[in-house]
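These notes are about the structure you will find just below.
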Amino acid sequence: MDAARIDSWLWAVRVYKTRSAATTACRAGHVRLNGDKVKAAQHVRIGDELRVRIAGFDRILVVRQLLVKRVGAPLAAAAYEDRTPAREPQAMIGVRDRGAGRPTKRERRDIDRLRGRGDEDADIFGG
238 MDAARIDSWL
248 WAVRVYKTRS
258 AATTACRAGH
268 VRLNGDKVKA
278 AQHVRIGDEL
288 RVRIAGFDRI
298 LVVRQLLVKR
308 VGAPLAAAAY
318 EDRTPAREPQ
328 AMIGVRDRGA
338 GRPTKRERRD
348 IDRLRGRGDE
358 DADIFGG
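Just so we're on the same page, the numbering used here is the position in the sequence shown counted from 1, plus 237.
Now the structure itself:
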């Protein structure tokens, strides 16, 4: 075997949970093979570079082994080389549930503290 379908390979190495999810990602243009957008039926070969967009971030994978059936996680991890650069840590932001109404004074202060805004007025008014 010298080639495998790209959607089948992405499913086999556990990038996507289902083959249909991999096919949908290919149709949506979230998968690139050597820089070009691909269709789900296009073949992938050893040494090809894949860019897969998942949750707003690109994963860069180099094919090391061809798989068409789903295998265990250790075998799947050995089938590709992950060249994805490390992400910068992002600060958590305070998010309120929709329909929760306006924040109380205490909640607003907690949100401001979480976002890194100091209590400048607290020094002036002594509170």
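In this text, a Cβ means the ideal position worked out from N, Cα and C, and glycines have one as well. The model shown is predicted, which means the values in this text are computed figures rather than measured ones.
Quick one: what does DSSP say residue i is sitting in, helix, strand or coil?
| i | result |
| --- | --- |
| Lys274 | strand |
| Glu318 | strand |
| Glu344 | helix |
| Asp285 | coil |
| Arg269 | strand |
If you follow the beta strand (DSSP E) that residue i is part of, which residue opens it and which one closes it?
| i | result |
| --- | --- |
| Ala239 | The amino acid at residue 239 is misidentified as Ala; the sequence shows Asp. Neither: Asp239 is in no beta strand (DSSP E) and is coded neither H nor E. |
Quick one: what's residue i bridged to in DSSP?
| i | result |
| --- | --- |
| Arg290 | Asp295 |
| Val308 | Paired residue(s): none; Val308 is not in a bridge. |
| Val300 | Tyr317 |
Between which two residues does the alpha helix (DSSP H) harbouring residue i extend?
| i | result |
| --- | --- |
| Ala323 | Run containing Ala323: none; DSSP gives neither H nor E here. |
| Arg207 | Since the displayed the chain opens at 238 and closes at 364, residue 207 lies outside it and no answer follows. |
| Arg256 | Arg256 to Arg264 |
Apply the 10 Å Cβ neighbour rule to residue i and answer buried if 16 or more other Cβ atoms are within range, or exposed otherwise.
| i | result |
| --- | --- |
| Ser257 | exposed |
| Leu270 | buried |
| Leu351 | exposed |
| Val305 | exposed |
Check the C-beta distance from residue i over to residue j and give it rounded, since I have them as a contact under 8 Å.
| i | j | result |
| --- | --- | --- |
| Leu303 | Tyr317 | Not really, about 10 Å apart at Cβ, beyond 8 Å. |
| Arg242 | Ala278 | 6 Å |
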